[in-house]
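Chemist:
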Amino acid sequence: ALRYHTGWERAWRSPEPKKRYDVVIVGAGGHGLATAYYLGKNYGIQNVAVIEKGWLGGGNTGRNTTIIRSNYLQDPSAAIYEKARSLYETMSQDLNYNVMFSPRGVMMLAQTQHEVRGYKRTAHANALQGVKTEWIDPARVKQLVPIINLHGPRYPVLGALWQERGGTARHDAVAWGYARACSAMGMDIIQQCEVTGVRSDAGQVVGVDTTRGPIDCGKLGIVVAGHSGQLAEMAGFRLPVEALALQALVSEPIKPCMDVVVMANTVHGYMSQSDKGEMVIGGGTDGFNNFTQRGSFHHIEETVRALNETFPMISRLKMLRQWGGIVDMTGDRSPILSKTPLGGCFINCGWGTGGFKAIPGSGWGMAQLMATGHSPLTEAFSLDRFKEGRFIDESVAAGVAH
Ligand code: FAD
Ligand code: PYC
-8 ALRYHTGWER
2 AWRSPEPKKR
12 YDVVIVGAGG
22 HGLATAYYLG
32 KNYGIQNVAV
42 IEKGWLGGGN
52 TGRNTTIIRS
62 NYLQDPSAAI
72 YEKARSLYET
82 MSQDLNYNVM
92 FSPRGVMMLA
102 QTQHEVRGYK
112 RTAHANALQG
122 VKTEWIDPAR
132 VKQLVPIINL
142 HGPRYPVLGA
152 LWQERGGTAR
162 HDAVAWGYAR
172 ACSAMGMDII
182 QQCEVTGVRS
192 DAGQVVGVDT
202 TRGPIDCGKL
212 GIVVAGHSGQ
222 LAEMAGFRLP
232 VEALALQALV
242 SEPIKPCMDV
252 VVMANTVHGY
262 MSQSDKGEMV
272 IGGGTDGFNN
282 FTQRGSFHHI
292 EETVRALNET
302 FPMISRLKML
312 RQWGGIVDMT
322 GDRSPILSKT
332 PLGGCFINCG
342 WGTGGFKAIP
352 GSGWGMAQLM
362 ATGHSPLTEA
372 FSLDRFKEGR
382 FIDESVAAGV
392 AH
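In our numbering, the protein residues as written are -8 to 393.
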């Protein structure tokens, strides 16, 4: 600032694409960048390009509401989300970049007897998985969130699933920190470059076509969230994934009034307060498939109306802005990290409404899968599970209505 915002060094280089890389990753969101980072850091694979059709972090990674937790039900989910949560704790030091990880605690309210049973079950499962969560009663909820109304007109608060080590992080910083570290290792991050085709020879991937020309590669990672169906089609296979918009909004900034994250899944709303003071609010996905990265009036009305019952003070707030992102939903609400029918081509998608929290764990596992052909973290999330009926049902833990 003292130099009038001039003379800043670029955090990552902006090179012309080379003719060939050992690994090409499509998609410079958090999952693509983390995959590239751990390929370099853990396996010494640094002849890597990350190709992005827009700007780095401009997809869901820069559009989410930054909630980090690992209170899932099934063992493979708890393993990958807890790995991610623990990597978030040291990410700023690891990347030498402040990602503002704030383990302020995440609370999932139980507002029906069905939810009480469900969350108590999750707390027991988490205890067996080594994930620290607990069931708390309404008095403790009120102590942690003084602005809450425990006796809403439709749904009283009956208790909550509480993860003290959950929280938030600055989403852009996560993308920027990984990008800077990848660039420093000599990897090329190529923005404004859309992948338009996948080339193969004898069942093996050999490269991609892009709006900046063909690029050859030894291995390909497709990490494009809501556009996974299109990329899979280019590579010659189909995915059990649907694209939907998920919206969020923030209020004008106000003084600090809530220092934990609260999710109210019965009424489909959640809220936290950003470091700038804005109340960050979101709800369920749009009820129809679409590729719209914008907000809409019906969403404000549904979400705010629902949250008003539990947080009457928000009826006085003005909305500052709203937006949407295109999320990639699977039937069992769990991700896909997998080899594909095309040799050398790997896919990482299906994180749906909840993949921000998973970025470091997903990148860690995906890098291991791409480098060695196997990863204990990703094994259960292979594409085969849809053929074998081996679903990893996380509809409840996903927390967001869809
Ligand atoms: P993205 O960040 O979307 O990256 C994919 C990239 O691929 C994009 O940049 C895109 O431009 C690029 N791409 C697509 N097609 C091509 C192509 N042909 N060629 C080149 N590049 C291409 N998760 C949580 O854990 N906690 C939350 O609180 C949370 N809140 C959310 C709130 C909202 C409103 C939304 C939309 C999502 C939320 N999520 C949350 C989900 C989370 O944001 C996503 O799961 C996660 O960011 C996905 O990251 P990604 O790297 O897979 O995808
Ligand atoms: O997965 O925790 C989550 C989440 C919260 C809001 C959107 N996704």
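All residues carry an ideal CB built from backbone N, CA and C; glycine is no exception. Given the structure is predicted, the values throughout are model-derived calculations rather than measurements.
Could you check where the alpha helix (DSSP H) with T26 kicks off and where it finishes?
Modeler: Against the sequence shown, residue 26 aligns to sequence position 35. G21 to Y34 is the span of the alpha helix (DSSP H), which, as asked, contains T26.
Chemist: With DSSP as the reference, identify every bridge partner of N51, one or two as the case may be.
Modeler: Residue 51 sits at position 60 when you count from the first residue of the sequence shown. According to DSSP, N51 bridges with nothing at all.
Chemist: Is the beta carbon of L398 sitting closer than 9 Å to the one on V241?
Modeler: The displayed coordinates of the chain run from -8 to 393. Any statement about residue 398 would go beyond what the structure contains.
Chemist: Which one of Q221, G109 and E73 has the shortest CA to CA distance from C340?
Modeler: The residue given as residue 340 occupies position 349 in the sequence shown. It is Q221.
Chemist: For P6 and Y12, I'd like the C-alpha separation in whole angstroms.
Modeler: By 1-based counting over the sequence shown, the position of residue 6 is 15. By 1-based counting over the sequence shown, the position of residue 12 is 21. Rounded to the nearest angstrom, the two C-alpha atoms are 13 Å apart.
Chemist: Touching or not, the region 127 to 135 and the region 155 to 168, by the rule of three or more beta carbon pairs under 8 Å?
Modeler: No: fewer than three Cβ pairs fall under 8 Å.
Chemist: Report the option in E0, R4 and G23 whose CA atom is closest to the CA atom of L211.
Modeler: Position 220 of the sequence shown, counting from 1, holds the residue named residue 211. Per the Cα distances, G23.
Chemist: In whole angstroms, what is the alpha-carbon distance linking L230 and K10?
Modeler: Reading the sequence shown from its first residue, position 239 is the one you call residue 230. Reading the sequence shown from its first residue, position 19 is the one you call residue 10. Going from the Cα of L230 to the Cα of K10 covers about 29 Å.
Chemist: In this structure, does DSSP put H105 in helix, strand or coil?
Modeler: For this step, residue 105 is matched to residue 114 along the sequence shown. Three-state DSSP puts H105 in a helix.
Chemist: In chain order, what residues of the same chain lie with their CB nearer than 6 Å to the CB of Y34, ignoring the 5 residues before and after it?
Modeler: As a working note, residue 34 is residue 43 in the sequence shown. Answer for Y34: A362, listed in chain order.
Chemist: Evaluate contact between the region 74 to 87 and the region 346 to 355, counting only Cβ atoms and requiring at least three cross-stretch pairs below 8 Å.
Modeler: Segments in contact, yes.
Chemist: Where does E370 sit, in a helix, a strand or coil, going by DSSP?
Modeler: Taking the first residue of the sequence shown as position 1, residue 370 is located at position 379. Three-state result, E370: helix.
Chemist: Touch check for the region 191 to 209 and the region 305 to 325: three-plus C-beta pairs under 8 Å?
Modeler: No: the two stretches stay apart, fewer than three of their Cβ pairs being nearer than 8 Å.
Chemist: Helix, strand or coil for L141? Go by DSSP, reduced to three states.
Modeler: Locating residue 141 in the sequence shown gives position 150, counting from the first residue. In this structure, L141 counts as coil in the three-state DSSP scheme.
Chemist: Just checking my contact of S306 with Q238 at CB under 8 Å: how many whole Å lie between their CB atoms?
Modeler: The sequence position of residue 306 within the sequence shown is 315, counting from 1. The sequence position of residue 238 within the sequence shown is 247, counting from 1. Not really, about 20 Å apart at Cβ, beyond 8 Å.
Chemist: Taking the DSSP output, what are the residues bridged to R11?
Modeler: On the sequence shown, residue 11 is found 20 positions in, with the first residue counted as 1. Its beta-bridge partners are D207.
Chemist: Let me check understanding here. Comparing Cα to Cα, which of V215, D384, A151 and L374 lies closest to M98?
Modeler: As a first step, residue 98 is located in the sequence shown; it is residue number 107 there, counting from the start. With distances taken between Cα atoms, M98 lies closest to A151.
Chemist: Whole angstroms is fine: what's the gap from T202's alpha carbon to G49's?
Modeler: On the sequence shown, position 211 is the one that residue 202 refers to. On the sequence shown, position 58 is the one that residue 49 refers to. Going by the C-alpha atoms only, they are around 18 Å apart.
Chemist: Helix, strand or coil: how does DSSP classify W153 here?
Modeler: Translated into the one-based positions of the sequence shown, residue 153 becomes position 162. It is a strand residue.
Chemist: Would you kindly report the start and end of the unbroken beta strand (DSSP E) that includes P244?
Modeler: As a first step, residue 244 is located in the sequence shown; it is residue number 253 there, counting from the start. Run containing P244: V232 to P244, per the beta strand (DSSP E) assignment.
Chemist: In angstroms, rounded to a whole number, what distance separates the CA positions of Y146 and M270?
Modeler: Numbered from its first residue, the sequence shown carries residue 146 at position 155. Numbered from its first residue, the sequence shown carries residue 270 at position 279. Their backbone Cα atoms lie some 22 Å apart in a straight line.
Chemist: Can you give me the Cβ contacts of K111 inside the same chain, cut-off strictly under 6 Å, excluding the 5 residues immediately before and after it?
Modeler: Within the sequence shown, residue 111 is the residue found at index 120, counting from 1. Here the set comprises W126.
Chemist: Are the CB atoms of D323 and D384 within a distance shorter than 9 Å?
Modeler: Translated into positions along the sequence shown, residue 384 becomes position 393. Translated into positions along the sequence shown, residue 323 becomes position 332. Yes, these two residues count as a Cβ contact at 9 Å.
Chemist: Less than 9 Å separating the beta-carbons of P326 and A70?
Modeler: Working through the sequence shown from its first residue, we reach residue 326 at position 335. Working through the sequence shown from its first residue, we reach residue 70 at position 79. Going by C-beta atoms, P326 is not nearer than 9 Å to A70.
Chemist: According to DSSP, which residues form a beta bridge with P94?
Modeler: Stepping through the sequence shown from its first residue, residue 94 is reached at position 103. BP columns for P94 are empty, so no partner.
Chemist: Would you tell me roughly how many angstroms separate the C-alpha atoms of I181 and K267, rounded to the nearest one?
Modeler: For the purposes of this step, residue 181 is taken as residue 190 along the sequence shown, with counting starting at 1. For the purposes of this step, residue 267 is taken as residue 276 along the sequence shown, with counting starting at 1. Using only the alpha carbons, I get a separation of about 32 Å.
Chemist: Once DSSP output is grouped into helix, strand and coil, what is the label at G217?
Modeler: For the purposes of this step, residue 217 is taken as the residue at position 226 of the sequence shown. Helix, per DSSP.
Chemist: Who are the near neighbours of A177 in its chain, counting only those whose CB is closer than 7 Å to its CB and skipping five residues on each side?
Modeler: One-based indexing of the sequence shown puts residue 177 at position 186. The residue you asked about is not Ala; residue 177 is Gly in the sequence shown. Here the set comprises Q37.
Chemist: In three-state DSSP terms, what is E125?
Modeler: The count along the sequence shown starts at 1 and reaches residue 125 at position 134. E125: strand per DSSP, three-state reduction.
Chemist: Do you know whose CA, among E0, Q154 and V215, lies nearest S93's CA?
Modeler: If you number the sequence shown from 1, residue 93 lands on position 102. Nearest of E0, Q154 and V215 to S93, Cα basis: Q154.
Chemist: With distances taken from CA atoms, which of A371, S386 and A388 is nearest G380?
Modeler: Looking up residue 380 in the sequence shown gives position 389. Of A371, S386 and A388, the residue nearest in Cα terms is A371.
Chemist: Grouping DSSP H, G and I as helix and E and B as strand, with all else coil, what is F347?
Modeler: For the purposes of this step, residue 347 is taken as the residue at position 356 of the sequence shown. It is helical.
Chemist: Taking C-beta to C-beta, are S174 and R4 nearer than 9 Å?
Modeler: Sequence index remark: in the sequence shown, residue 174 carries index 183 (1-based). Sequence index remark: in the sequence shown, residue 4 carries index 13 (1-based). Closer than 9 Å, so yes.
Chemist: Since I believe V165 is in contact with G21 (beta carbons under 8 Å), could you give me their beta-carbon distance rounded to a whole number of angstroms?
Modeler: For the purposes of this step, residue 21 is taken as residue 30 along the sequence shown, with counting starting at 1. For the purposes of this step, residue 165 is taken as residue 174 along the sequence shown, with counting starting at 1. Rounded, the Cβ-Cβ distance is 6 Å, consistent with contact.
Chemist: DSSP three-state label for I181, please.
Modeler: Residue 181 sits at position 190 when you count from the first residue of the sequence shown. I181: strand per DSSP, three-state reduction.
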